[in-house]
Structure formats: C-alpha cells, structure tokens
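What follows is a single structure, written as structure tokens, with notes after it.
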Amino acid sequence: MELIQNTADLSAYLAADEVIDHHHPVVRETAARLAETVTDSYAYARAAYEFVRDTVPHSADADDPRVTWRASDVLEQRTGICHAKAHALAALLRAEDIPTALCYQRLRHDDGSGHALHGLIAVRFRGAWHRQDPRGNKPGVDARFSLEGERLAWIPDPASNEVDYPALYAEPHPAVLSALKAAPDRPALWKTLPSTL
291 MELIQNTADL SAYLAADEVI DHHHPVVRET AARLAETVTD SYAYARAAYE
341 FVRDTVPHSA DADDPRVTWR ASDVLEQRTG ICHAKAHALA ALLRAEDIPT
391 ALCYQRLRHD DGSGHALHGL IAVRFRGAWH RQDPRGNKPG VDARFSLEGE
441 RLAWIPDPAS NEVDYPALYA EPHPAVLSAL KAAPDRPALW KTLPSTL
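FYI, in our numbering the residues of the sequence shown are 291 to 487.
This is the structure:
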C-alpha cells in the first residue's frame with residue numbers, strides 16, 4: 291500500500307501541539323533517557339517504540355478505565371488505548387527530530403459486533419514512511435518495530451469490511467480526538483470511538 295502524506299510539508303510531521311506535546315518535560319525527560327542508551331536515530335526509534343509498546347499498558351488489556359489522549363499524560367499515567375499510545379510514540383520520536391505521522395486502520399471488534407478505528411504511527415527513514423503499531427503485544431498479537439516490511443498487530447481483512455487507510459496525518463484525526471477528549475472513561479469511549487474515517 292502506498293502511504294500518502296495528508297500535507298506535503300514534512301515539517302508538519304515534526305510539530306508539537308496540544309496532543310503531541312513533545313516540549314513537555316515528561317516527554318523531554320523520557321526522550322533524553324532513551325537517547326542515552328543508543329547510538330543513532332534508528333536505534334532511538336526502535337527504543338522509543340519498544341518503550342511505549344512494552345511499558346505503557348493498553349488500557350483495555352489492563353482493565354484500566356482511565357482515558358488519556360495527550361502524549362505527556364500517556365507517559366506520566368502509563369495507560370492508554372492504541373490512539374493514545376500512538377500519540378505518545380509520535381511525541382517521543384518528534385522530540386528527537388524524527389518525522390512521525392499518525393495513521394489508522396478500520397478493524398472489526400473482537401466479538402464481531404461492529405468496527406472501530408485503530409491508531410498507529412508511521413516513521414520516516416531512508417526517504418520512505420514505515421508504519422509501526424505500539425499497541426502492545428498479547429496472546430495473538432506480536433507487533434515489532436521494522437523498516438523491512440510491516441510487523442503490525444493486525445492485517446485488515448477486506449472481506450470483513452476492514453480497511454488500511456493510506457493517509458498519513460500530522461495531527462490526530464478530529465473524530466478520534468473528539469471521542470477521546472469527551473469520554474469520561476474507557477467503557478464510554480468504546481461506545482463513541484468512530485468506526486470509519
């Protein structure tokens with residue numbers, strides 16, 4: 291699949307905003323700690339990916355009712371759904387001047403009762419975008435950082451009306467962000483997350 295930038299300006303994929311707040315002290319401190327352990331930007335990107343994937347539990351897996359959406363809150367509270375974890379990883383990568391986009395998949399609910407948008411990121415290396423899924427592994431999910439072919443949590447099944455969206459966003463999609471901001475808890479969020487872009 292060809293990934294398509296939502297904006298032609300590459301600097302937009304390095305920007306900070308209220309969600310990807312990579313100037314926040316929590317993000318800066320985390321980025322600095324991770325950067326101390328590596329020798330180049332590729333190794334940093336892998337370390338940041340593994341940090342978010344492995345040390346910030348997906349709130350559904352952990353049965354945590356809290357809803358986070360701002361990158362600094364995700365890192366501070368150590369919880370979030372896929373979208374929140376994507377925001378945190380984007381902030382850590384942008385903090386080290388690595389262009390990072392937000393992207394989405396439409397996936398069927400585990401119980402088959404409908405669809406929801408799943409959030410992931412794309413990182414730019416070697417002149418190309420590479421999607422990464424920091425959702426967090428669990429039985430049946432084995433996502434990995436890779437520039438040599440995608441190792442995502444899920445591959446959409448078109449027969450089930452699942453979709454890989456090719457658009458790369460510099461900011462969170464407004465429908466996703468609105469749902470995250472408005473939800474008082476994760477059970478309420480599950481009812482209001484958009485099912486399509």
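Quick reminder that beta carbons are idealized off the backbone N, C-alpha and C, glycines included.
Would you kindly check if the distance between the Cβ of residue j and the Cβ of residue i is under 8 Å?
i: S485; j: R396; result: yes
i: A305; j: H313; result: no
i: H399; j: A406; result: yes
i: K471; j: P424; result: no
i: L437; j: R416; result: yes
i: A325; j: Y334; result: yes
i: G404; j: Y394; result: no
i: A338; j: L365; result: no
i: S362; j: V413; result: no
Would you kindly work out how many angstroms separate the C-alpha atoms of residue i and residue j, rounded to a whole number?
i: A473; j: D299; result: 32 Å
i: F341; j: G426; result: 10 Å
i: G402; j: E452; result: 11 Å
i: A478; j: A378; result: 22 Å
i: A350; j: A418; result: 32 Å
i: R441; j: V431; result: 10 Å
i: R343; j: F435; result: 10 Å
i: P448; j: D454; result: 9 Å
i: V309; j: Y459; result: 13 Å
i: T297; j: A465; result: 18 Å
i: D354; j: T327; result: 30 Å
i: A385; j: Y303; result: 11 Å
i: A352; j: P315; result: 26 Å
Which residue comes first and which comes last in the beta strand (DSSP E) that contains residue i?
i: H377; result: No beta strand (DSSP E) holds H377; the alpha helix (DSSP H) holding it covers C372 to A385.
i: R421; result: A418 to Q422
Can you pull the DSSP bridge partners for residue i?
i: T390; result: V413
i: W359; result: In the DSSP output, where bridge partners are listed per residue, W359 has none listed.
i: Y459; result: L392
i: D454; result: Q395
i: A406; result: L397
Which residue marks the beginning of the alpha helix (DSSP H) containing residue i, and which one marks its end?
i: A337; result: S331 to T345
i: R318; result: P315 to A325
i: L479; result: R476 to T482
i: P464; result: P464 to A472
Establish whether the CB of residue i and some CB of chain B are separated by less than 8 Å.
i: C393; result: Absent from the structure: chain B. Only one protein chain is present.
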